[in-house]
Amino acid sequence: MTTAATSAPTGDNAPGTKELPALEAPKPQPEPQPQPQPSGRAGRGGRHRRRATRWRTFYFILWRDIFVTGREIAPFLGQVLVEPFFILFVFGKVLGNLGYTTPGFEQVLLPGVVALNSFLVSLQNTALPLAIDFSYTKEIEDRLLAPIPVVLVAIEKVLFGAIRGLIGSLVMIPIGLALLDHVSWPLHTLPATLGILTLGGLVGGTVGLTLGTLAPARHISIVFAMTLTPIMFTGATQFPWASLSHIRWFQILCTLNPLTYVSEAMRGLLLPSGGPHSIPLPICIGAIAAGCVVYGFIGIRGFHRRAQD
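In numbering that gives the first Met the number 0, the protein residues as written are 0 to 308.
What follows is the structure in structure tokens.
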């Protein structure tokens, strides 16, 4: 018996089998395109906007401090006028009437006291608030959170102290003219004296920045007692620097005090040509600028250190 051989259908002809889809080759992914870089003009525009934001913030912080000073003008004037008023009254008026000072001493004293007020008020109004803010109130933390560099926060403190010192010194001019006899203030020297008093406030503010950041708050009163009195009496505020030629060691000591150059610059502008010899004005300006750089560098470094604590 023969059997018919049949072949089973295979492949595509098999019944009941589903046709599988052909596997497609993976599509090539597009290469990532480089992001377009901002043009030079757009980059510069962004930097200009950031810089404008920083200076706008700096301006508003400074304006806030000035506004607060305007609201507290009476306590501020009491703080900055009492000490120089009594210096002028005792040294210029009382001792002159008693015959213990020579004629013309008032004209030497007034520029020195005005310079002293510019320097000392700036120093105190920079150092003392910094010492308090970094220790007790922690108000400086709000300034450090502002969108400006830490350096600008320190500069704002110095500039605000200088503005206060300038105001205190300008208020003393009419008081001194009304209080003392035989004194004069040439009006044509007013722009130059404003510049010197501004520089005096700036160097006083940088010294205050140094003291306020290096001295702990619990020791700030001791630091003030040990520094303010020597600064006052070695700053050539009551005498011309050239008159110390016979006391050479004390003259050298006064040379190290930035206040000496502020006082001498003021006398060089206000004293008549036949008066006592003063340090030349360019030397005074150069010494004041050098003091701003040196004490500003030390103070800003101390401010950075205290801000990171």
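Where a beta carbon is used, it is the ideal one built from N, C-alpha and C, also for glycine.
Measure from the alpha carbon of residue i to the alpha carbon of each residue in the options, then state which is nearest.
i       : options                            : result
Gly-304 : His-218, Leu-208, Val-292          : For the record, residue 304 in the displayed sequence is Arg; it is not Gly. Minimum Cα distance to Arg-304 is reached at Leu-208.
Val-292 : Trp-62, Tyr-58, Gly-77, Ile-154    : Ile-154
Thr-212 : Leu-87, Leu-127, Leu-109           : Leu-127
Pro-83  : Pro-215, Pro-185, Trp-248, Leu-178 : Leu-178
Val-112 : Val-170, Val-67, Arg-142           : Val-170
Leu-258 : Leu-227, Ser-242, Trp-62           : Leu-227
Phe-238 : Arg-300, Ser-262, Ser-272, Asn-124 : Ser-262
Val-79  : Val-152, Leu-165, Lys-156          : Leu-165
Arg-300 : Arg-142, Val-152, Ile-195          : Val-152
Leu-270 : Ser-183, Ile-287, Thr-254          : Ser-183
Gly-199 : Trp-240, Arg-48, Asn-256           : Asn-256
Pro-185 : Ile-287, Leu-268, Thr-56, Val-89   : Leu-268
Lys-156 : Phe-59, Thr-254, Tyr-260           : Phe-59
Arg-142 : Arg-63, Thr-68, Pro-275            : Arg-63
Ile-86  : Met-231, Arg-70, Asn-124, Val-67   : Met-231
Thr-125 : Val-81, Leu-158, Gly-167, Phe-57   : Leu-158
Pro-110 : His-47, Thr-101, Phe-57, Ile-174   : Ile-174
Pro-281 : Ile-195, Asp-180, Val-150          : Ile-195
Glu-105 : His-47, Gly-69, Gly-167, His-181   : His-181
Pro-229 : His-245, Val-89, Thr-254           : Thr-254
Gln-123 : Val-89, Gly-167, Thr-101           : Gly-167
Could you check how far apart the C-beta atoms of residue i and residue j are, in whole angstroms? I think they sit under 8 Å.
i       : j       : result
Leu-252 : Thr-233 : 6 Å
Phe-133 : Ala-216 : 7 Å
Gly-160 : Ser-121 : 4 Å
Ile-65  : Ile-162 : 7 Å
Ala-130 : Ile-219 : 4 Å
Ala-306 : Ile-284 : About 31 Å separates the two Cβ atoms, so there is no contact after all.
Val-107 : Arg-266 : 7 Å
Ala-241 : His-276 : 5 Å
The stretch 116-129 in contact with the stretch 198-218 per 3-pair CB rule at 8 Å: With the cut-off at 8 Å, the stretch 116-129 and the stretch 198-218 touch.
Touching by the beta-carbon criterion (3+ pairs, under 8 Å), the stretch 146-159 and the stretch 52-61: Yes, since at least three Cβ pairs between the stretch 146-159 and the stretch 52-61 fall closer than 8 Å, the two stretches touch.
Stretch-stretch touch, CB-based, cutoff 8 Å, three pairs: the stretch 65-84 with the stretch 94-101: No, the stretch 65-84 is not in contact with the stretch 94-101.
4 or more residues per run - each alpha helix (DSSP H) lying fully within the stretch 211-257: List check, alpha helix (DSSP H) in window: 219-232, 247-254.
Alpha helix (DSSP H) runs wholly inside the stretch 124-200, at least 4 long, in chain order: Fully enclosed alpha helix (DSSP H) runs of 4 or longer: 139-143, 149-178.
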